[in-house]
Amino acid sequence: MTVVIYEHGKPQIKRVEAFCILRDKKLLSNDELFSETLNHLDKMIKEGHPKVTQNALNNCHGDWYEWMLACSAWNLRINSNKKAIALLLLNISRFDVVSLYTDNLYNHISDLRQKVKSITNVHLITSNPDFVIIDPDGIELDQSFDHLITEFTTDTIQILEESYRYFIGKCLFENIIGYLSIKTSLRPDRRLQIAHEGSLMKATYIHLQTREWIINPRGLKYYAASTEVGDADRNALKTVATHSITNVQSLPQAAVDEVFVINSLIQANQAFDKILSV
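Following the numbering used here, the numbering of the sequence shown begins with 6 at its first residue and continues without gaps.
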């Protein structure tokens with residue numbers, strides 16, 4: 006099976022097939038660096054298809070990195086008997102993360118968006134984090150959530166990418182406990198996106214808390230991860246969640262609670278061991 010197709014003479018990378026075939030379906034080993042895996046995939050594709058540009062390869066890196074982390078989170082939860090689940094999400098153009106909430110909570114957010122638009126003529130624009138962290142307490146899980154991922158295939162990638170659908174319309178306020186944003190590298194614009202996203206997701210959480218009159222909630226965590234994190238990255242992400250400085254009765258909150266370096270399976274397992282602990 007080919008990993009690159011040509012449309013009008015231009016090469017198009019088949020992301021899933023390239024990842025699975027070139028890895029021979031194998032999961033990552035403990036001593037394998039994610040960044041080196043991405044570089045190795047690039048090299049193999051270029052060798053067979055010299056017309057493929059580096060920009061086209063870079064556009065695949067996000068998905069490949071997500072699948073490696075999603076597999077780690079999936080298997081660690083089962084092997085460590087964790088209660089919480091970390092699931093990949095589609096981008097906002099294809100799925101609205103608040104659709105995971107039950108209808109009454111979803112309607113609160115829809116109402117907020119509509120009022121913001123009608124009163125101020127601006128939009129409450131949000132983006133989806135890469136992962137949602139769910140405590141499935143009170144939600145009966147399908148048996149598929151107890152099956153380990155043992156190889157990378159089109160079927161297992163589909164499981165990792167689409168399992169979030171099981172929770173659409175099922176999550177109560179207490180079920181969604183956090184989010185994770187991941188980037189293969191942290192450019193200044195990406196750092197701004199992460200901080201804005203974390204701040205907005207926490208503001209939405211507080212809005213739901215207020216509408217539902219929930220006293221002393223556990224709170225919402227927002228995490229970030231990349232293959233490499235420098236001091237400038239950590240300092241830039243130590244920003245306050247905007248909503249938390251508008252009320253003198255509450256303490257300021259961080260937009261991003263913790264930044265993880267995840268460039269190996271060991272680092273991924275260590276990060277998800279903490280993220281999934283509830």
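Ideal Cβ positions, reconstructed from N, Cα and C, are used throughout, including at glycine.
Which residues in the same chain as residue i place their Cβ atom closer than 6 Å to its Cβ, once the five residues preceding and following it in sequence are excluded?
i: P222; result: Q214
i: I97; result: S132, N133
i: S115; result: none
i: C65; result: I18, R20
Determine the burial state of residue i: buried for a count of at least 16 other Cβ atoms within 10 Å of its Cβ, exposed for fewer.
i: L74; result: buried
i: W69; result: buried
i: Q258; result: buried
i: L62; result: buried
i: S204; result: buried
i: L165; result: buried
i: I90; result: buried
i: L93; result: buried
i: T58; result: exposed
i: T42; result: buried
i: K56; result: exposed
i: L256; result: exposed
Residue i and residue j: beta carbons closer than 8 Å?
i: T107; j: G174; result: yes
i: V137; j: I181; result: yes
i: F191; j: D238; result: Correcting the residue type first, residue 191 is Leu in the shown sequence and not Phe. In this structure, D238 lies closer than 8 Å to L191 by Cβ.
i: W79; j: I162; result: no
i: I199; j: C176; result: no
i: D278; j: L81; result: yes
i: I267; j: T232; result: yes
i: D160; j: I83; result: no
i: G67; j: T244; result: no
In chain order, what residues of the same chain have a beta carbon less than 8 Å from the beta carbon of residue i, not counting five sequence neighbours either side?
i: A104; result: The sequence given here places Ser at residue 104; Ala does not occur at that position. Cβ within range, chain order: Y111, I173, G174.
i: H113; result: H212, L213, R216, E217
i: F157; result: F24, C25, R28, K30, K31, L32, W72, C76
i: T7; result: K19, E22
i: L242; result: R196, I199, A200, A229, A260, V261, V264
Of all the options the options, which has the alpha carbon lying nearest to the alpha carbon of residue i?
i: R196; options: N44, N35, V234; result: V234
i: F265; options: A230, K243, L256; result: A230
i: Q272; options: E22, P16, N35; result: N35
i: V121; options: K88, T209, T58; result: T209
i: Q17; options: N60, L43, E41, Y171; result: N60
i: Y11; options: F39, G53, H45, E41; result: G53
i: K88; options: F100, I144, K56; result: I144
i: F100; options: N86, R170, Y227, V21; result: R170
i: Y228; options: D262, D236, P193, N44; result: D262
i: M206; options: K226, H13, D194; result: K226
i: P141; options: L46, I219, E179; result: E179
i: L95; options: N109, S168, N64, L46; result: S168
i: D236; options: P193, A276, A260; result: P193
i: G224; options: N240, Q275, V283, N274; result: V283
Residue i by DSSP, collapsed to three states: which one?
i: P284; result: This structure does not reach residue 284, given that the chain is present from 6 up to 283, and the question cannot be answered.
i: I10; result: strand
i: S115; result: helix
i: Q17; result: strand
i: V234; result: coil
i: V1; result: Outside the displayed range of the chain (6 to 283) lies residue 1, so it cannot be described from this structure.
i: I138; result: strand
i: I182; result: strand
i: L213; result: helix
i: A229; result: strand
i: L197; result: helix
i: A1; result: In the structure as shown, the chain begins at 6 and stops at 283. Residue 1 is therefore absent and cannot be evaluated.
i: I144; result: coil
i: I219; result: coil
i: K188; result: strand
i: I90; result: strand
i: V245; result: strand
i: A260; result: coil
i: L177; result: coil
Which same chain residues end up closer than 7 Å to residue i when comparing Cβ atoms and leaving out the 5 residues on each side of it in sequence?
i: E202; result: S132, P134, S186
i: M49; result: L27
i: I219; result: F178
Checking contacts by CB at 8 Å: is residue i closer than that to chain B?
i: E233; result: Absent here is chain B; the protein component of the structure consists of one chain.
Closer than 7 Å: is that where the CB of residue i sits relative to any heavy atom of the ligand PLP?
i: E263; result: Of the ligands one can find in the structure shown there are none, so the ligand PLP has no counterpart to examine.
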